[in-house]
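In this note's numbering, the protein residues as written are 1 to 425.
Every residue, glycine too, gets a C-beta built ideally from N, C-alpha and C.
Worksheet: the structure to be examined is printed underneath.
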Ligand SMILES: Cc1ncc(COP(=O)(O)O)c(C=O)c1O
């Protein structure tokens, strides 16, 4: 078992004086409290006994209707029979692994990958292979090479896990061309793909892209969704969509894990969707997060050293920054915490110790002033370390930000970045 980089940090960053750019927290303060009170009161008055009771392992039909609405908004029409309601999207990842992974099985995922998935893969003793990511998402050419190599050894992956839209942690989005290639590859090799899509509706610019599930029609793609980022993570409601033979086993796994998902929060979801305003709320979140993303990008340009690079996400909640190779972001975090600011060190997104000089920065959980101040503080800690490195090695750090100072392609994780001041967010 491995600890999750993010969960460890949650305890430290709960201190009120800490500006946390570490969590993947949506801004729940934007949810109208009166509306919440009215919905919960209605449940208490009209269906207290049912809402306080156990429910079916697969989840209520009404919850599946809400899931159908959310998926339809991204062009997908799953059969409700193929859907199971889970205790958050995290449980969906766990149940898929519980169902499919035997010790030593190959699981392929992106490099970097969702830090919360790493402990799941490890706890089922998967042999995790991470495929490099660039500004178009997972490198499918490298996946093809891997499949060929595994084929020669008589092995094949149990599944490929991907967060194709506004990836956590890198913020990058898989291009349409790569989506099509991945789905075609899955069909050709009869290989499952697990598409994890918590952020698809949080797009701040550019045109929506079809989910893998839509492109494949649900033959080889298992789809995972969650209400955490479009409504609330506290209600712990997510889901999985899988073909019947896989779903049968997922249901057995869920029975063993927790019998059923919270009835109370499924009732809340039903009330909330009955109001018919969930899309408006998501649209409000998109406005708020777009602006916070832009504030963070501007602050990075102002406060991070010339050698640093970072992604410019079109949606989602995260920016991935890469620092000079001689910096270790885990060490940096200890210093940053002394300055009351936090981020997720990049190593948590890898199984093999890579990502040492990278960090994940979240821009959804705190307000714009705190983002500016948080990035300023991290920038100051980095600057101190850069100066120290210069003093110790005799190498002078770069004199302030300079567009020519950054060599494209030097990023060890081959993730996209723009030079200082280049392009607009
Ligand atoms: C890619 C991804 N998958 C799954 C989850 C789990 O979300 P939850 O369990 O809150 O639904 C997250 C949360 O940040 C995530 O980023």
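Start-to-end residues for the alpha helix (DSSP H) that takes in residue i
i: residue 40; result: 33-51
i: residue 369; result: 368-393
i: residue 180; result: 176-189
i: residue 272; result: 263-274
i: residue 213; result: 212-216
i: residue 256; result: 244-258
i: residue 123; result: 118-123
Host beta strand (DSSP E) of residue i (start-end)
i: residue 359; result: 358-362
i: residue 291; result: Note, residue 291: premise wrong, no beta strand (DSSP E); alpha helix (DSSP H) at 278-303.
i: residue 74; result: Run containing residue 74: none; DSSP gives neither H nor E here.
i: residue 87; result: 83-87
i: residue 321; result: 318-322
Cβ pair residue i, residue j closer than 8 Å
i: residue 213; j: residue 316; result: no
i: residue 311; j: residue 151; result: no
i: residue 221; j: residue 195; result: yes
i: residue 362; j: residue 111; result: no
i: residue 109; j: residue 130; result: yes
i: residue 342; j: residue 18; result: yes
i: residue 42; j: residue 271; result: yes
i: residue 88; j: residue 236; result: yes
i: residue 356; j: residue 58; result: no
i: residue 273; j: residue 169; result: no
i: residue 26; j: residue 364; result: yes
i: residue 239; j: residue 67; result: yes
i: residue 217; j: residue 71; result: no
i: residue 159; j: residue 193; result: yes
Residue i - partner residues in DSSP beta bridges
i: residue 131; result: 110
i: residue 238; result: 86, 226
i: residue 329; result: Looking at the DSSP assignment, residue 329 forms no beta bridge with any residue, so it has no partner.
i: residue 137; result: 134
i: residue 342; result: 20
i: residue 195; result: 162, 223
i: residue 309; result: 322
i: residue 315; result: 203
When the options are compared against residue i, the one with the closest alpha-carbon
i: residue 56; options: 84, 325, 114; result: 84
i: residue 136; options: 125, 231, 209; result: 209
i: residue 426; options: 16, 241, 81, 254; result: Because the chain spans 1 through 425 in this model, residue 426 falls outside it and cannot be assessed.
i: residue 157; options: 178, 165, 35, 185; result: 185
i: residue 269; options: 1, 44, 62, 243; result: 62
i: residue 28; options: 309, 100, 284; result: 284
i: residue 125; options: 288, 48, 351; result: 351
i: residue 295; options: 318, 369, 308; result: 369
i: residue 114; options: 326, 197, 204; result: 197
i: residue 328; options: 76, 160, 207, 354; result: 354
i: residue 191; options: 100, 264, 325, 229; result: 100
i: residue 75; options: 325, 231, 215, 378; result: 215
Exposed unless 16 or more other CB atoms sit within 10 angstroms - verdict on residue i
i: residue 105; result: buried
i: residue 446; result: Outside the modelled stretch of the chain, which goes from 1 to 425, sits residue 446, for which no answer is possible.
i: residue 12; result: exposed
i: residue 267; result: buried
i: residue 15; result: exposed
i: residue 385; result: buried
i: residue 321; result: buried
i: residue 54; result: exposed
i: residue 392; result: exposed
i: residue 2; result: exposed
i: residue 219; result: exposed
i: residue 287; result: exposed
i: residue 148; result: exposed
i: residue 20; result: buried
i: residue 388; result: exposed
i: residue 314; result: buried
i: residue 422; result: The predicted position of residue 422 is uncertain, since its pLDDT is 38 and thus under 50; a value taken from the coordinates is nonetheless stated next. It is exposed - the Cβ of residue 422 has fewer than 16 other Cβ atoms within 10 Å.
i: residue 453; result: With the chain covering only 1 through 425, there is no way to say anything about residue 453.
i: residue 346; result: buried
i: residue 9; result: buried
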